[in-house]
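Using UniProt numbering, you'd call the opening residue of the sequence shown number 1 and step up by one each time.
What follows is a single structure, written as C-alpha cells, with notes after it.
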Amino acid sequence: MIPHADDADPDPDVSIVIPLYDEVENLADLVERVREAMSATHHSFELVCVDDGSTDGTDRLLLDLAGTRPWLAPVVLARNYGQSTALQAGFERARGRYIVTLDGDLQNDPADIPALVDRLESDPDVDMISGWREQRQDKALSRRLPSAIANRLISRLTGVHLHDYGCALKAYRRHIIERISLYGELHRFIPSLAKEAGARIVEVPVRHHARTRGKSKYGIDRTFRVILDLILIVFFLRFRQRPLHAFGGLGLWMLTPGLGMLGWLLVLKLAGEDIGQRPMLLAGVILVLAGMQLIVAGLTGELLIRLYHAGGLRPQYHVRPAAPPRSLPPAR
1 MIPHADDADP DPDVSIVIPL YDEVENLADL VERVREAMSA THHSFELVCV DDGSTDGTDR
61 LLLDLAGTRP WLAPVVLARN YGQSTALQAG FERARGRYIV TLDGDLQNDP ADIPALVDRL
121 ESDPDVDMIS GWREQRQDKA LSRRLPSAIA NRLISRLTGV HLHDYGCALK AYRRHIIERI
181 SLYGELHRFI PSLAKEAGAR IVEVPVRHHA RTRGKSKYGI DRTFRVILDL ILIVFFLRFR
241 QRPLHAFGGL GLWMLTPGLG MLGWLLVLKL AGEDIGQRPM LLAGVILVLA GMQLIVAGLT
301 GELLIRLYHA GGLRPQYHVR PAAPPRSLPP AR
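Written out as C-alpha cells, the structure reads:
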C-alpha cells in the first residue's frame, strides 16, 4: 500500500477521493483539472486516487504523477474489489474537513468542486451535497431509462428524494463519512446511508460531460444488482435496530391464517367429519410452521442486535456536532 502523505503535514481542508479502474487515458488530464480547480480557491487540498486493480497501466501512471505532486495521494489495491471498496479505502485515508467524491472518467467536472465546498463551509445546516446531472450527456437509452427508474424507486423506498442517485460528484462533512461503512455495492446508496447517520442533504445541479476517452464500465446487468441491493438497503434502514418487526411481522401474517385453518378443521373434526384428505390441513400446518420459524428468526436477530450494541461495536445514535457560533452585530 502506498502512503498518501507525510503524517507530519497539516491536515488539508478538502480531501478529493476518486476511484479509478482502467482510466489511463483520462488520469493525467483529471489530475491537472483538479489542481486547476482547487488552486483557484483558498482551500488546501489532497487528491486521494484509488486504483481498483486496473489492468491498463493506470496504477503505474498514478505513481508517476504522485512523484512530482505532494498533494496527490495514490492508493493501489491488490486487485479489483469494486467501487464501494475503492471508495471506502479512499475515505479511510482522507484527512480533510470536507470530503468530495467524483468519478475518474471526466464526465463529472472538477470545476464544480469549489462551489460544493463553499456551500458546506457557508451553510451549517447542510452536511452533504449530492450532484444532479440535470443536463445529462449520456445519449444511450440503455443507461438513461434504467437510471430514471432506479432514481424514482430508490427515492420512494428509502425516503431520501433525489433526482440523481447515480451522480458520483458529492461533498460531505467529515463526521458523516466517519459514520458510514461501504461494502458490496452500497456506493449507490450513500445518500440513504448518510441520512441514516444523521446527515442533512441537499441536491444541486452540476455539469456533466459525455465520455470522450476510455470505455464505460456500466451495463444493463447493473439494473438487476441495483434491485437486489435496494432490498438490502431498505431492510437495513427500516429494520436494522428491530429485526423482530420484520421477521416477526411476516411470521404473524402467516401464523394467524394457519391457526385459523387448523382451528376450523378442529371444529369439523369434533363434528365427526373426516379432515385427513383436505388440502387445508396441509396448508394450515405449513403456515403455522413457517410463521413460528420466522418469529424465532426475529427473536434471534433481536438477541444478536443486543449483543452487538452491548459490545460497543457501533453506537445506537449520533450527536450532531456543535455549529460554530455566528457573530452577532455590535450593540448600538
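Even glycine gets a Cβ: it sits at the ideal position worked out from N, Cα and C.
Predicted model, so just to flag it, every value in this text is computed and none were measured.
Going by other Cβ atoms of all chains shown within 10 Å of its Cβ, with 16 needed for buried, is S39 buried or exposed? Mapped onto the sequence shown, residue 39 falls at position 39. Exposed, because fewer than 16 other Cβ atoms sit within 10 Å of the Cβ of S39.
Could you pull the start and end residues of the alpha helix (DSSP H) that V31 belongs to? As a working mapping, residue 31 is identified with position 31 in the sequence shown. Here the alpha helix (DSSP H) through V31 covers 24–39.
Just how far apart, CA to CA, sit E36 and D229? In the sequence shown, counting from the first residue as 1, residue 36 sits at position 36. In the sequence shown, counting from the first residue as 1, residue 229 sits at position 229. So the two alpha carbons sit approximately 37 Å from each other.
For Y98, write down the residues that DSSP places opposite it in a beta bridge. As a first step, residue 98 must be located in the sequence shown, where it is residue number 98. Answer by DSSP bridge pairing, in chain order: V14, R173.
Exposed or buried, which one is D7 when buried takes at least 16 other CB atoms within 10 Å? Reading the sequence shown from its first residue, position 7 is the one you call residue 7. Because the pLDDT of D7 is 46, which lies under 50, any placement of that residue in the model is unreliable, and the number read from its coordinates should be weighed accordingly. Flag for D7 reads exposed.
Report yes if the C-beta distance between V204 and V117 is below 8 Å; otherwise report no. Numbered from its first residue, the sequence shown carries residue 204 at position 204. Numbered from its first residue, the sequence shown carries residue 117 at position 117. No. Outside cutoff.
Just verifying my parser: in three-state terms, what is the DSSP assignment at A78? Counted from its first residue, the sequence shown places residue 78 at position 78. In the structure shown, A78 sits in coil (DSSP, three-state: anything other than H, G, I, E or B).
By DSSP's criteria, M261 is part of a beta bridge. Which residues make up the other side? Translated into positions along the sequence shown, residue 261 becomes position 261. BP columns for M261 are empty, so no partner.
Please tell me whether P12 and R95 are closer than 8 Å, where the distance is taken between their beta carbons. Position 12 of the sequence shown, counting from 1, holds the residue named residue 12. Position 95 of the sequence shown, counting from 1, holds the residue named residue 95. Yes, they are a contact pair.
Just checking, does the segment 90–108 make contact with the segment 171–179 on the three C-beta pairs under 8 Å criterion? yes
Could you give the first and the last residue of the continuous beta strand (DSSP E) run that contains P205? Sequence index remark: in the sequence shown, residue 205 carries index 205 (1-based). Note, P205: beta strand (DSSP E), 201–205.
Ignoring anything shorter than 3 residues or poking outside the segment 40–73, list the beta strand (DSSP E) runs there in chain order. 45–51
Nonlocal neighbours in the same chain, by C-beta distance under 6 Å from V202, ignoring five residues either side: The residue you call residue 202 lines up with position 202 of the sequence shown. The residues are V126, I129.
Can you tell me which of the three DSSP states I180 falls into? Numbered from its first residue, the sequence shown carries residue 180 at position 180. In this structure, I180 counts as coil in the three-state DSSP scheme.
If we count the other Cβ atoms within 10 Å of its Cβ and call it buried at 16 or more, is A86 buried or exposed? By one-based count along the sequence shown, residue 86 stands at place 86. So A86 counts as buried.
Ends of the beta strand (DSSP E) at I190? Counting from 1 along the sequence shown, the entry for residue 190 is found at position 190. It is not in any beta strand (DSSP E) - I190 instead sits in the alpha helix (DSSP H) that spans 190–196.
Evaluate F189 with the Cβ neighbour count: other Cβ atoms within 10 Å of its Cβ, from every protein chain shown; 16 or more gives buried, anything less gives exposed. In the sequence shown, residue 189 corresponds to position 189, counting from 1. By the 10 Å Cβ count, F189 comes out buried.
Hey, does A28 have any beta-carbon neighbour from chain D nearer than 8 Å? Given the protein chain composition of this structure (a single chain), no chain D is represented.
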